[in-house]
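Residue numbers (the numbering used here): 18 to 165.
In structure tokens, the structure reads:
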């Protein structure tokens with residue numbers, strides 16, 4: 018990989034604040050992805066999630082469930098490890114934007130009505146991490162040439 022590109026992807030000037038966003042968001046994303054992919058934590062797995070996605074017009078449902086579940090699970094793991102946080106956060110931001118616009122927007126803001134407030138919070142965290150990078154306690158910082 019081009020060293021300049023690698024440094025751009027890994028570089029972070031963020032301090033501890035990015036870590037405090039990254040870890041709980043990583044847990045949340047990984048758990049939601051595991052629900053979609055594996056049926057863990059009360060989820061429906063790929064088949065059930067795919068059928069539901071197809072029923073709301075996200076076709077092909079199985080592929081959409083695979084894409085959303087993979088983005089959330091592997092993106093969440095990336096956030097937890099602090100590895101490739103910028104690209105992972107960018108993919109997670111797009112995933113949250115799609116979720117908000119295709120599922121939640123018509124229900125208003127509040128979660129009690131299946132609204133978009135939770136997705137909006139995760140979108141904001143993802144965008145913040147895409148701009149800031151992983152932060153001080155991360156593999157990105159360890160691997161980056163800007164460790165000083």
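Glycine included, each C-beta is placed from N, C-alpha and C at the ideal position.
### Cα-Cα separation, residue 81 to residue 70
7 Å
### Task
From the DSSP output, in three-state form, read off residue 154 for me.
coil
### Query
Roughly how many angstroms separate the alpha carbons of residue 57 and residue 131, rounded to a whole number?
21 Å
### Message
Am I right that residue 109 and residue 92 are in contact with their C-beta atoms under 8 Å? What's the rounded C-beta distance?
### Response
Confirmed, Cβ separation roughly 4 Å.
#### Entry: Rounded straight-line distance, which links the Cα of residue 115 to that of residue 84
12 Å
### Query
Near residue 145, which residues of its chain fall below 7 Å by C-beta distance, leaving aside the five closest residues on each side in sequence?
38
### Query
Is the Cβ-Cβ distance between residue 79 and residue 60 less than 7 Å?
A distance of 7 Å or more separates the beta carbons of residue 79 and residue 60.
### Message
Can you give me the C-alpha to C-alpha distance between residue 33 and residue 120, rounded to a whole angstrom?
### Response
33 Å
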